[in-house]
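Encoded as structure tokens, the structure appears first; notes follow it.
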Amino acid sequence: MIGNKGELRVIHKELMKMCSTPDMELLQVRIEPKLENTLPEVHIFDSYDIVRSSPVTKKSTYVTSKAEGIGNISTETKNVDSDTLQVFQRELTCSICMNCFLDPVTIDCGHSFCHPCLSFCWEEGQTPRSCPECRGLSERPDFKTNIVLKRLASLARQARADHNHSSEEQICVTHQEAKGLFCEADQTLLCEPCSELPEHIAHSHSPIHRAAEESRGKFLKRMSSLWKMREEMQLTLNQEAKKTRSFKEEEKLHLEALKKEAKEICLQLKESVFRMTQYKERLKEMYRELTEMCQKPDTELLQAIGNVLEMADLAQMQKPQPVNPELTCWPVAGILDMLNKFRVDNVLTQTAIHHVSLDDASVMSGDDPHGMSRQLDGGASFVAWGAQAFSSGRHYWELEVTHFSSWILGVSKDILTSDTIIHINYEEAFLLFSEKVNDEYSLFTNSPPLVQFVKRPLGKIGVFLDYDNGAVSFYDVSRGSLIYSFLPFSISSPLKPFLCLRSP
Numbered sequence: 001m002i003g004n005k006g007e008l009r010v011i012h013k014e015l016m017k018m019c020s021t022p023d024m025e026l027l028q029v030r031i032e033p034k035l036e037n038t039l040p041e042v043h044i045f046d047s048y049d050i051v052r053s054s055p056v057t058k059k060s061t062y063v064t065s066k067a068e069g070i071g072n073i074s075t076e077t078k079n080v081d082s083d084t085l086q087v088f089q090r091e092l093t094c095s096i097c098m099n100c101f102l103d104p105v106t107i108d109c110g111h112s113f114c115h116p117c118l119s120f121c122w123e124e125g126q127t128p129r130s131c132p133e134c135r136g137l138s139e140r141p142d143f144k145t146n147i148v149l150k151r152l153a154s155l156a157r158q159a160r161a162d163h164n165h166s167s168e169e170q171i172c173v174t175h176q177e178a179k180g181l182f183c184e185a186d187q188t189l190l191c192e193p194c195s196e197l198p199e200h201i202a203h204s205h206s207p208i209h210r211a212a213e214e215s216r217g218k219f220l221k222r223m224s225s226l227w228k229m230r231e232e233m234q235l236t237l238n239q240e241a242k243k244t245r246s247f248k249e250e251e252k253l254h255l256e257a258l259k260k261e262a263k264e265i266c267l268q269l270k271e272s273v274f275r276m277t278q279y280k281e282r283l284k285e286m287y288r289e290l291t292e293m294c295q296k297p298d299t300e301l302l303q304a305i306g307n308v309l310e311m312a313d314l315a316q317m318q319k320p321q322p323v324n325p326e327l328t329c330w331p332v333a334g335i336l337d338m339l340n341k342f343r344v345d346n347v348l349t350q351t352a353i354h355h356v357s358l359d360d361a362s363v364m365s366g367d368d369p370h371g372m373s374r375q376l377d378g379g380a381s382f383v384a385w386g387a388q389a390f391s392s393g394r395h396y397w398e399l400e401v402t403h404f405s406s407w408i409l410g411v412s413k414d415i416l417t418s419d420t421i422i423h424i425n426y427e428e429a430f431l432l433f434s435e436k437v438n439d440e441y442s443l444f445t446n447s448p449p450l451v452q453f454v455k456r457p458l459g460k461i462g463v464f465l466d467y468d469n470g471a472v473s474f475y476d477v478s479r480g481s482l483i484y485s486f487l488p489f490s491i492s493s494p495l496k497p498f499l500c501l502r503s504p
């Protein structure tokens, strides 16, 4: 398979070079059968019907092939005036490649060039493009072959071949006659007596020039196909470059927004710390005042009790609330389309277990000052895990958690069960937790416990396992955003999908 744009260009150039070679040299090069079979039928203009009327033709001798199915096919031996031939060929020469026109096209200014030559010349140029000969500006048109020039160029090639017809390599050693025929079956050049030999007489024979023009036509078809592939690849390259720029711009915007958001959250936290510190000092001062009040005489205490208690109640009402930072969930363009390329379904074997307790020591590690390691007990739970473990490749699946307040999902190496306990080896488990405490939802991951300051997912959560690169990521499907991605790690054992849902 052709790998890239550069390889296509090289092959296209080689085919173009081949088309410019003399007829006999061209016919001695075999076309790859698999390429030849894929080429459509090519209609080649038969120049022999007008050769007799050509101004460069002085004398023509026609011979009839005796091969079955060929009909009257002519081959010419011409005596051409050398000066006339040179003028004729000069006018039919492409000023870019300096060879006879090959699939000639005429541009806006009237000058003509080989279609492949002009394609190469204008490939990397900026619009508006200029004529390679007069430098006149010309918009790139939908090139159409100049049929008249194509016929004349074919005649010019034939005249040139006939002019050199007496070279030693074109003379049959056996019969001392010119090789004027091409055997289609054996892909060889023959003289007329050779074509009548038993080993060739049943084969199809064509005059050399006709066979060469047919081969050029096949090459041109292949060149056209290759050039179209190059143009399609260029469009793909442009799209990839556009995607790259888009992702870089999006990354820049997200980083700037995240930086701004983090700055605002840090400011809020700083102000919250300041308010709470002041409030703590105020409570301390009030505590001291109440202590002193208790030491006062009865009458003085009773006269001030109303004001003091009112101040204490007011202080309790003015208790500052902690800041719950929440980062914006930025959607990642095209992320779900990419992930769905690795989608697998039915990754879980459903197993209902009632009143489940998770072994906290095995699920979480490290200190847990915020009480994130809690048992999912006190209600019925649904637990499921993969019947098949993943040991290579990339895999993506989605899990529905809409109607559940607390859940755990991810991947784990070993999942051990008893009647009431699910035991997970935290050292080789990569999990995302959701818990509801005092009407507050929190998200966190294990190993070590990390709180995720993002909005609680509503709906489905996507899990992406890239086993070979050691990565596990969680996605909010409804928002198309990343929740958390574990840093690349070394995996030594197969991992199973895991899900635990607790009823509200």
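Counting along the sequence shown from 1, when you hit position 398 you're at 398 in the UniProt record's numbering, and nothing is skipped either side. From the three backbone atoms N, C-alpha and C, an ideal C-beta is built for every residue, glycine too. From a predicted model like this one, the values you see are computed outputs, not experimental measurements.
Does the Cβ of Ala212 have 16 or more other Cβ atoms within 10 Å, making it buried, or fewer, making it exposed? For the purposes of this step, residue 212 is identified with residue 212 of the sequence shown, where counting begins at 1. So Ala212 ends up on the buried side.
What is the rounded straight-line gap between the Cα of Arg230 and the Cα of Ala241? Sequence index remark: in the sequence shown, residue 230 carries index 230 (1-based). Sequence index remark: in the sequence shown, residue 241 carries index 241 (1-based). Their Cα atoms are separated by approximately 16 Å.
Ile201 lies in the alpha helix (DSSP H); which residues open and close that run? By 1-based counting over the sequence shown, the position of residue 201 is 201. Counting along the chain, Ile201 falls outside any alpha helix (DSSP H), and DSSP gives it neither H nor E.
So if DSSP puts Ser481 in a beta bridge, which residue, or which two residues, is it bridged to? As a position in the sequence shown, residue 481 is number 481, starting the count at 1. Answer is Pro331 and Asp476.
Whether or not the segment 449-467 and the segment 305-315 are in contact is what I'm after, with contact meaning three or more pairs of Cβ atoms, one per stretch, closer than 8 Å; do they touch? no
Going by C-alpha to C-alpha distance, which of Pro116, Ile107 and Cys109 sits closest to Met98? Locating residue 98 in the sequence shown gives position 98, counting from the first residue. The shortest Cα separation from Met98 among Pro116, Ile107 and Cys109 belongs to Pro116.
For the beta strand (DSSP E) containing Leu118, name the first residue and the last one. For this step, residue 118 is matched to residue 118 along the sequence shown. Run containing Leu118: none in the beta strand (DSSP E); it sits in the alpha helix (DSSP H), His115 to Trp122.
Three or more C-beta pairs below 8 Å linking the segment 142-151 and the segment 180-195: no
Distance, Val454 Cα to Glu440 Cα: For the purposes of this step, residue 440 is identified with residue 440 of the sequence shown, where counting begins at 1. For the purposes of this step, residue 454 is identified with residue 454 of the sequence shown, where counting begins at 1. Taking the straight line joining both Cα atoms gives about 13 Å.
Please classify Met223: is it buried, with 16 or more other beta-carbons within 10 angstroms of its beta-carbon, or exposed? Along the sequence shown, one-based indexing puts residue 223 at 223. By the neighbour-count rule (16 or more Cβ atoms within 10 Å), Met223 is buried.
Under the three-state DSSP convention, the category Leu458 falls into: Residue mapping note: residue 458 aligns to position 458 of the sequence shown, counting from 1. Looking at Leu458 - three-state DSSP - the assignment turns out to be coil, as it is neither helix nor strand.
Pull up the DSSP beta-bridge partners for Ser95, would you. Your numbering for residue 95 matches position 95 in the sequence shown. Bridge partners of Ser95: none, in fact.
The beta strand (DSSP E) spanning Cys100 covers which residue range? Here the question's residue 100 lines up with position 100 in the sequence shown. Looking at the DSSP string, Cys100 is not in any beta strand (DSSP E), and its letter there is neither H nor E.
Let me know the alpha helix (DSSP H) ranges lying completely inside the segment 275-333, each 4 residues or longer, listed in chain order. 298-317
Neighbourhood of Gly69 by C-beta distance below 7 Å, restricted to the same chain and skipping five residues each side: As a first step, residue 69 must be located in the sequence shown, where it is residue number 69. Interpretation of Gly69 is limited by its pLDDT of 33, a score under 50 that renders its predicted location unreliable; no figure is taken from the coordinates.
Spell out the partners DSSP gives Asp466 in its beta bridges. On the sequence shown, residue 466 is found 466 positions in, with the first residue counted as 1. DSSP output for Asp466 lists Arg394 and Ala471 as bridge partner(s).
With three or more beta-carbon pairs closer than 8 Å as the criterion, would you say the segment 264-274 touches the segment 322-329? yes
Between the Cα of Glu435 and the Cα atoms of Arg135, Phe489 and His403, which residue gives the shortest distance? Walking along the sequence shown from the start, residue 435 turns up at place 435. Answer by Cα proximity: His403.
Pairwise C-alpha distance: Lys221 and Lys260: Position 260 of the sequence shown, counting from 1, holds the residue named residue 260. Position 221 of the sequence shown, counting from 1, holds the residue named residue 221. Taking the straight line joining both Cα atoms gives about 58 Å.
Tell me where the alpha helix (DSSP H) around residue 517 begins and ends. The structure shown does not extend to residue 517, since the chain spans only 1 to 504, so no value can be given for it.
Could you pull out every residue in the same chain whose Cβ sits closer than 6 Å to the Cβ of Glu177, ignoring the five residues on either side in sequence? For the purposes of this step, residue 177 is identified with residue 177 of the sequence shown, where counting begins at 1. Closer than 6 Å at Cβ, skipping near neighbours: Cys191.
Once the 5 residues before and after Cys109 are set aside, which same chain residues still bring their CB inside 7 Å of it? Locating residue 109 in the sequence shown gives position 109, counting from the first residue. These residues qualify, in order along the chain: Cys131, Cys134, Gly136 and Ser138.
Less than 7 Å between the C-beta atoms of Gly480 and Ile265, yes or no? Along the sequence shown, one-based indexing puts residue 480 at 480. Along the sequence shown, one-based indexing puts residue 265 at 265. In this structure, Ile265 does not lie closer than 7 Å to Gly480 by Cβ.
Out of Cys194, Ser225, Leu155 and Trp385, which has the shortest C-alpha to C-alpha gap to Arg210? By 1-based counting over the sequence shown, the position of residue 210 is 210. It is Leu155 whose Cα lies nearest to the Cα of Arg210.
Check each candidate in Gly470, Leu499 and Ile305 and name the one with the smallest Cα separation from Pro488. Taking the first residue of the sequence shown as 1, we reach residue 488 at position 488. Cα-wise, what sits closest to Pro488 is Gly470.
For Leu181 and His200, the rounded distance between their alpha carbons: If you number the sequence shown from 1, residue 200 lands on position 200. If you number the sequence shown from 1, residue 181 lands on position 181. Their backbone Cα atoms lie some 11 Å apart in a straight line.
Tell me which residue opens and which closes the beta strand (DSSP E) that Ser406 is part of. Start at 1 with the first residue of the sequence shown, and residue 406 comes out as number 406. Residues Ser406 to Ser412.
Could you tell me the distance, in whole angstroms, from the CA atom of Cys500 to the CA atom of Trp407? Position 500 of the sequence shown, counted from the start, is the residue given in the question as residue 500. Position 407 of the sequence shown, counted from the start, is the residue given in the question as residue 407. Rounded to the nearest angstrom, the two C-alpha atoms are 5 Å apart.
Mind checking Tyr396: buried by the 16 CB within 10 Å criterion, or exposed? Reading the sequence shown from its first residue, position 396 is the one you call residue 396. With 16 or more Cβ atoms within 10 Å of its Cβ, Tyr396 is classed as buried.
Tell me which residues share the same chain as Cys121 and place their Cβ nearer than 7 Å to its Cβ, disregarding the 5 neighbours each side in the sequence. Counted from its first residue, the sequence shown places residue 121 at position 121. Once the five neighbours on either side are set aside, the close Cβ partners of Cys121 are Ile96 and Pro132.
Helix, strand or coil at Glu400 according to DSSP, with G and I counted as helix: For the purposes of this step, residue 400 is taken as residue 400 along the sequence shown, with counting starting at 1. In the structure shown, Glu400 sits in a strand (DSSP, three-state: E or B).
Looking at Val411 and Pro497, is the spacing between their C-beta atoms short of 7 Å? Here residue 497 refers to the residue found at position 497 when the sequence shown is read from its first residue. Here residue 411 refers to the residue found at position 411 when the sequence shown is read from its first residue. In contact: Pro497 and Val411 (Cβ atoms closer than 7 Å).
In this structure, does DSSP put Ile415 in helix, strand or coil? Walking along the sequence shown from the start, residue 415 turns up at place 415. Correct three-state label for Ile415: strand.
Could you check where the beta strand (DSSP E) with Cys183 kicks off and where it finishes? As a position in the sequence shown, residue 183 is number 183, starting the count at 1. That run of the beta strand (DSSP E) goes Leu181 to Cys183.
Exposed or buried, what is Thr174 when buried is set at 16 or more other beta-carbons lying within 10 Å of its beta-carbon? In the sequence shown, counting from the first residue as 1, residue 174 sits at position 174. Exposed, by the Cβ-count rule.
Which term fits Phe88, buried or exposed, when burial requires 16 or more other beta carbons within 10 angstroms of its beta carbon? On the sequence shown, position 88 is the one that residue 88 refers to. That one is buried.
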